[in-house]
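Scroll down for the structure; my scribbles are underneath it.
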Amino acid sequence: MKIIKTSTICMFVLFLFFAFGCKTASENEKHAIELETLETVFEQYKEPAITHRRFKHADIQPLIQKHSSAFEIEELGESVEGKSISSLTWGEGQTKVLLWSQMHGNESTATMSLFDLFNFLEASGDAYDELRQVLKSNLQIKFIPMLNPDGADAFKRRNALDIDLNRDAISQISPEAVILKSIRDAFEPEFGFNLHDQQIYYNVDKTPKQATISVLAPGYNYERDVNEVRARAMKAIVGMNEVLQQVIPGGVGKYDDGFEPRAFGDNIQKWGTSTILIESGGYLGDPEKQFIRKLNFMIILNALHQIALKGYEAYSVDQYFEIPDNGFQLMDLILQEVQVPVEGEWYPIDIAIRRRESNADSTYYVNGSVEDLGDMQVYFGLEELEANGLRYEEGKTYDQAFESVNEITSEKALELLRSGYSAVKVQNDDPGDLHNLPLIVLKSRDEFTGGWQTGSNPSFFLKQDDVLKYALINGYLIDLQNPKDQLFKQRVY
Ligand SMILES: [Zn+2]
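In this text, residue positions in the sequence shown follow the working numbering: the first is 10, and each later residue adds one.
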């Protein structure tokens, strides 16, 4: 009787512990910031001077100086072409965190978020002073926005020596690599954030979901071992993923952790700083990555809070490994089962198309290309067309030259397309001039050959019986019956 009674009490205590104690404690221990707060704070403090991803080194100098009273600003050195690389330091706490962005010049999304974050950290007198105080008293944060200014100004990946800085952690040939290594060694941060962009064609492996954000706690050896330093990064990433899953469910991929002995992330992890890689990918309808900028802001701020209060310790390494892997299976457009003519026979093929960006001043144009064809079931199209029964038809070039692209209205362009013309000639525009027409515009040549084979420019028509149903122009799909509003980023050939 007595024995039963004791065990009943035990069970009751255990029940209380699991039902209330455990759950409540672990939610509190995470120290996550409410989603609504993260979103509100971003909208309130985002830096209005940056509105697109092709800003330059000169554009951010006044924005750095703007924070000279709240942050300690230090010029760390200069790029190959002599442009300043600065750090901004904030906070009086024990835990040191280092964040660096744009080591690859054309990967600017996180740089925008850092300036948003500076505005937030510097502000006061709103509802978030307590939050700032937690960060300030627990952390000392050093930011290096735009580590590769020469690459940023040319909007290219590599630096002015044409070296990939992320393969220069050990050789230290580039001044930018020397700067990052020296600051890491002098500052000895507990956490490091390595901020990049990845191609928009990354998906969550074997799903059509674009990997809008990919994450990685880089490996520090070929064995992909997990020590305490790497485990800490993994746990912090789980906290970031929790935020992201609420905003972009299923849109987060985990980058491959194969060891690259020359890379910064891998080595900084090895040198004892828990290193977190954030890769900003693509998001449909967000070509300038302003939504992804917001996601970066939200997960970085949340992670800083969890680092300040050690909330990341509430997560496990297993939860990190549960994040699905990245794939590279996205295409801009997939045409399914187009009939193409070869040797007098028609064959049904899937055509996979990408429209890659090329730089032009402070904007870009695209180069459409047939990436692959045949059975394309392992790929996913950001746009797909079931073209079963539609036949390939070559486009024609319109005989009479127009004065300029400005003379061609969108109605005129559509009329030309419906008559089977995919290309027009102009007299006054120059090759390389930009335009937004759904036509191939020629100055330096009289003919343009599109095609369906790999490597061809996908400019042709899809025909049903004798009617042209769709036009493909430089990889853009145009429904000739029901054309939708779309942006054509084109140039004169
Ligand atoms: Zn990168």
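Every residue, glycine too, gets a C-beta built ideally from N, C-alpha and C.
Nearest-angstrom Cβ-Cβ length linking residue i and residue j, presumed shorter than 8 angstroms
i, j, result
"F273", "M112", "7 angstroms"
"S468", "S413", "Incorrect: roughly 21 angstroms between the Cβ atoms, too far for contact."
"L148", "V213", "Not a contact, Cβ separation roughly 31 angstroms."
"D474", "K452", "With 8 angstroms as the limit, D474 and K452 do not qualify as a contact, their Cβ atoms being about 35 angstroms apart."
"I343", "G390", "3 angstroms"
"V252", "I308", "5 angstroms"
"I301", "R193", "So it is not a contact: roughly 26 angstroms between Cβ atoms."
"D159", "K92", "6 angstroms"
"L9", "A79", "Residue 9 cannot be examined here, being either before or after the span of the chain that is shown, 10 to 502."
Cα-Cα separation between residue i and residue j, rounded to whole angstroms
i, j, result
"P440", "R454", "10 angstroms"
"I358", "R427", "24 angstroms"
"G248", "E38", "12 angstroms"
"S133", "I94", "28 angstroms"
"M340", "G464", "14 angstroms"
"K65", "G114", "10 angstroms"
"K303", "G398", "43 angstroms"
"N157", "E185", "7 angstroms"
"Y356", "K151", "59 angstroms"
"Q181", "A41", "38 angstroms"
"L496", "N445", "7 angstroms"
"Y211", "N236", "28 angstroms"
"Q490", "T284", "52 angstroms"
"R63", "L204", "16 angstroms"
"I69", "K263", "31 angstroms"
"R500", "D442", "5 angstroms"
"Q462", "A226", "40 angstroms"
"E392", "S367", "21 angstroms"
"V326", "A369", "44 angstroms"
"A422", "Y373", "21 angstroms"
"V22", "E36", "In this prediction, V22 has a pLDDT of 48, which is less than 50 and means its spatial position is unreliable; nothing more can be read from the coordinates."
"G163", "E354", "It is Ala, not Gly, that sits at residue 163 in the sequence shown. About 48 angstroms."
"S191", "I73", "21 angstroms"
"F411", "V435", "5 angstroms"
"Q299", "T60", "8 angstroms"
"A220", "Q409", "46 angstroms"
"K55", "T282", "29 angstroms"
"Y329", "Q315", "16 angstroms"
"A195", "N466", "51 angstroms"
"V224", "P492", "38 angstroms"
"S110", "P350", "49 angstroms"
"K32", "A323", "Confidence at K32 is low in this model, with a pLDDT of 46, below 50, so the placement of that residue should be treated as unreliable; the coordinate-derived value is given next. So the alpha carbons of these two residues sit roughly 11 angstroms apart."
"L140", "E45", "14 angstroms"
"L310", "N230", "29 angstroms"
"L108", "I153", "6 angstroms"
Closest Cα partner of residue i within the set the options
i, options, result
"S378", "I150, I482, D488 and R233", "I482"
"S88", "L174, E36 and K303", "L174"
"I222", "E237, Y229 and D206", "D206"
"Y137", "F51, P71 and F330", "F51"
"T49", "E199, D214, R176 and D125", "D125"
"A58", "K75, R141, T46 and N305", "K75"
"N376", "E402, Y321 and G459", "G459"
"R176", "D381, F268 and T60", "F268"
"Y407", "R400, E424 and L391", "E424"
"F200", "Y321, Q255 and D442", "Y321"
"A317", "A67, L486 and T104", "T104"
"E232", "I257, D194, E197 and K279", "K279"
"R364", "L471, S78, P296 and E81", "P296"
"Y292", "G260, A312, E116 and N230", "G260"
"P270", "F337, R239 and G228", "G228"
"G404", "I246, L85 and F470", "F470"
"Y401", "L108, N415, Q348 and I417", "Q348"
"R239", "D266, V476, S96 and Q338", "D266"
"A396", "F457, K319 and I487", "I487"
"V433", "Y485, Y502 and K478", "Y502"
"N335", "K215, N250, E416 and R167", "K215"
Near ligand 2: residue i beta-carbon under 7 angstroms from a heavy atom
i, result
"Q462", "No copy of ligand 2 appears in this structure; the ligands present are ligand 1."
Cutoff 8 angstroms: residue i Cβ touching any chain C Cβ
i, result
"I287", "This model lacks chain C altogether; it includes just one protein chain."
Considering only heavy atoms of ligand 1, list every residue whose Cβ is less than 5 angstroms from one of them, following chain order. H113, E116 and H205
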